[in-house]
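A quick write-up on the structure given underneath.
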Amino acid sequence: VSKLRKGGLFNRNKFELSKTEFEKFKYLLKRDIIGIGPLDVLMKDPYIEDIHIIGANYVSLIHKIFEALPTNITFGDNIKLADYFKNLSERMGRPVSDKNPVVDGTLPDGSRINIIYSPDVSIKGPSATIRKFSATPLSVVQLVNWNTFSAEVAAYLWIALEYGMSVFVCGETASGKTTTLNSIIPFIKPDAKIYTAEDTPEVIVPHPTWQRLTTRERGPEESRVTLFDLLKAALRSRPNYIIVGEIRGAEGAIAFQAMQTGHPVMSTFHAGDIKKMIQRFTGSPINIPVTFIDNLNIALFQQAVYVKGKFLRRVLSVVEIEGYYEELGGVATRNVFEWDPVSDRHIFRGMNNSYILERKIAEVAGYEDPKEIYNELFLRARIIKRMIELGITDYYSVHKEIKGFYERGIEGLSFRL
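In this note's numbering, the protein residues as written are 165 to 581.
And the structure:
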């Protein structure tokens, strides 16, 4: 820009740029005006999950394959970085300032950003964390191929979602809960009406009848719309499935009320195991009566683990919630799948012992012998394994195969088993 100023761009005199200089100038204009400046190149990489900025000269990232990596991106000094965050936050409609130093927002592509602005709060200089949004989610076939969970786990969830079971994906921060949630949504019947409620839009639904709603946190108190409000509205919208991006507070009570009235619910939830999940649901601020817990049918527990020196995500267990029994003094649950860290395999503990498959689904599905439902599970596991063999891994391609199976059974697949 300094060269253009010297050359007379701003006093309408002519000057010459080489083709290389012109392309550089065009790139910078596009990057800084249409994109988000120096970080724009990282935002375009589909393999980057998170971006961390701590002061002007430290930018690192989390890569899906190479894990934590430093970058050579710099903002020069903290004053320039502060100006960058100020401009970026104003574009999001959530201006950051010394009075309002901590801001959460959504970037134009849907990625979530948390900015901490003031030097008296962020000691090393302005800082931020970006959790990238992927327009095309990872498919269930990709996750099975990466062994996040097995083909049998996927087939089990396929049957469960076909028959309207409520499923929560649980885990700690950065365990991949939303990724797993998105991957299994195509298992819902293709003609279902799906209602999603989120603070930040992250859930992707391939179904045509998708009512997508987000909260409105800005403005006067009377004009704000919370997750609690959206879930109350869901009960009047007659959805086949309600999907909540994440349950954290009082909206959890409405989610369980929805399940109790026959509306299946899917969501993510922060809990490391079934005991902690029940404790969090029955404690403040959610306060679900323990006798209502069995309205939730299935909980997956996922975690970021190290396997042979590599950072990986694994579903540690799939747990069925059978019911509350006063004589037992608690909630009866069954582990139908467990991850074995030694072999890095998922073991099917629920074979011939699944409460959900045999007691909740088999009769509705028309099986005279409930045990026959396991044959259907293994058939669907074969379909998923076959898609891996054939390289059918794209999210929408996988959804197309699942839709074909719903419409015409095996004949609806584009391949032979």
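A virtual CB, placed ideally from N, CA and C, is assigned to each residue, including glycine.
Mind listing, in chain order, the continuous alpha helix (DSSP H) runs of no fewer than 4 residues lying wholly within the stretch 315 to 374?
You should have 315 to 326 and 341 to 348.
Taking the continuous alpha helix (DSSP H) assigned at R276, which residues delimit it?
Taken as a continuous stretch (DSSP letters only), R276 belongs to no alpha helix (DSSP H), being part of the beta strand (DSSP E) at R276 to I280.
My output table needs one value for E180: the three-state DSSP class, helix, strand or coil.
Reduced to three states, the DSSP call for E180 is coil.
Short of 7 Å in beta carbon distance, which residues of its chain neighbour G240, apart from the five on each side in sequence? Order them along the chain.
Counting only Cβ-Cβ distances below 7 Å, and skipping sequence neighbours, we find A220.
Thinking C-alpha only, which one of S303, N311, F512 and G473 is nearest T342?
Out of S303, N311, F512 and G473, S303 has the C-alpha closest to the C-alpha of T342.
Would you please state the rounded distance, in angstroms, between the beta carbons of A246 and Y281? I believe it to be under 8 Å.
Yes, they are in contact, since the Cβ atoms of A246 and Y281 sit about 7 Å apart, within 8 Å.
Tell me the DSSP secondary structure of E213 in three-state form.
The answer is strand: DSSP assigns E213 an E or B state.
Closer than 8 Å is the cut-off here; do at least three beta carbon pairs connect the stretch 437 to 455 with the stretch 405 to 422?
In short, these stretches touch, since the Cβ pair count reaches three.
Taking only three categories from DSSP, how would you classify I294?
Residue state, collapsed to three classes: strand.
Between the stretch 272 to 291 and the stretch 530 to 548, are three or more C-beta pairs nearer than 8 Å?
The answer is no - the stretch 530 to 548 does not touch the stretch 272 to 291, with fewer than three Cβ pairs under 8 Å.
Starting from the C-beta of K567, find all residues in its chain whose C-beta is less than 7 Å away, skip the five residues before and the five after it, and write them out in chain order.
Cβ within range, chain order: P354.
May I have the straight-line CA-CA distance separating Y191 from P202, to the nearest angstrom?
One C-alpha to the other measures close to 11 Å.
Buried or exposed: where does N346 fall if 16 or more other Cβ atoms within 10 Å of its Cβ makes it buried?
Under this definition N346 is a buried residue.
DSSP on I462, reduced to helix/strand/coil?
In the structure shown, I462 sits in a strand (DSSP, three-state: E or B).
Taking H227 as the reference, which of K208, T238 and I218 has the closest Cα?
Checking every option, the nearest Cα to that of H227 belongs to K208.
Output needed for D268: all residues of its chain with C-beta closer than 6 Å, excluding positions within five of it in sequence on either side, in chain order.
Within the same chain, D268 has close Cβ partners N278.
What residues in its chain sit with their C-beta under 7 Å from that of T379, if we drop five residues either side in the sequence?
For T379, where only same-chain residues beyond five positions count, the Cβ hits under 7 Å are D363, V389, T390, L391 and L394.
State yes or no: is the C-beta of E486 within less than 8 Å of the C-beta of I462?
Cβ distance not < 8 Å, so E486 and I462 don't count as in contact.
Spell out the partners DSSP gives T624 in its beta bridges.
Nothing in the structure corresponds to residue 624, since the chain is present only between 165 and 581.
Please state the DSSP three-state secondary structure of I566.
Three-state DSSP puts I566 in a helix.
Whose C-alpha, out of H510, N499, V369 and G426, is nearest the C-alpha of I520?
Nearest C-alpha to I520: N499.
Less than 7 Å between C-beta atoms, sequence neighbours within five positions excluded: which residues of the same chain meet that for G576?
Closer than 7 Å at the Cβ level, and outside the excluded window around G576, lie G568 and F569.
Assuming L225 contacts T235 (C-beta within less than 8 Å), just tell me the rounded distance between them.
Right, the Cβ-Cβ distance comes to about 6 Å (below 8 Å), so this counts as a contact.
Roughly how many whole angstroms lie between the Cα atoms of Y559 and Q306?
When rounded, the distance between both Cα atoms is 9 Å.
How about the stretch 395 to 405 and the stretch 418 to 426: do they share at least three Cβ pairs that are nearer than 8 Å?
The stretch 395 to 405 is in contact with the stretch 418 to 426.
Given a cut-off of 8 Å, decide if N459 and M423 are closer than it, judged by their beta-carbon atoms.
Cβ distance < 8 Å, so M423 and N459 count as in contact.
With DSSP collapsed to three states, give me the class of E486.
E486: strand per DSSP, three-state reduction.
For V165 and S330, what's the separation of their Cα atoms in angstroms?
Caution is warranted here: a pLDDT of 47 is assigned to V165, below 50, making its placement in the model unreliable, and the coordinate value is therefore given only provisionally. If you take the alpha carbons of V165 and S330, they lie about 57 Å apart.
For V429, report the span of its beta strand (DSSP E) as first-last.
Note, V429: beta strand (DSSP E), V429 to H434.
Which residue or residues does DSSP assign as beta-bridge partners of G269?
DSSP output for G269 lists I277 as bridge partner(s).
Taking the alpha carbon of I358 as the reference point, which residue from Y489, N264 and P428 has its own alpha carbon closest?
Among Y489, N264 and P428, the Cα nearest to that of I358 belongs to P428.
Do you know offhand how far P301's Cα is from I368's?
Rounded to the nearest angstrom, the two C-alpha atoms are 7 Å apart.
How far does the beta strand (DSSP E) with L233 in it reach, from first residue to last?
First-last of the beta strand (DSSP E) with L233: E231 to P234.
Drop a sphere of 10 angstroms on the beta-carbon of T360, count the other beta-carbons inside from all chains shown, and report buried for 16 or more, exposed for fewer.
Buried: at least 16 other Cβ atoms inside 10 Å.
Below 8 Å CB to CB, which residues in the same chain sit around R382 once its five sequence neighbours on both sides are set aside?
Contacts found: G257, R258 and R388.
Which whole-angstrom value describes the C-beta separation of W503 and V479, a residue pair presumed to lie in contact below a C-beta threshold of 8 Å?
Right, the Cβ-Cβ distance comes to about 6 Å (below 8 Å), so this counts as a contact.
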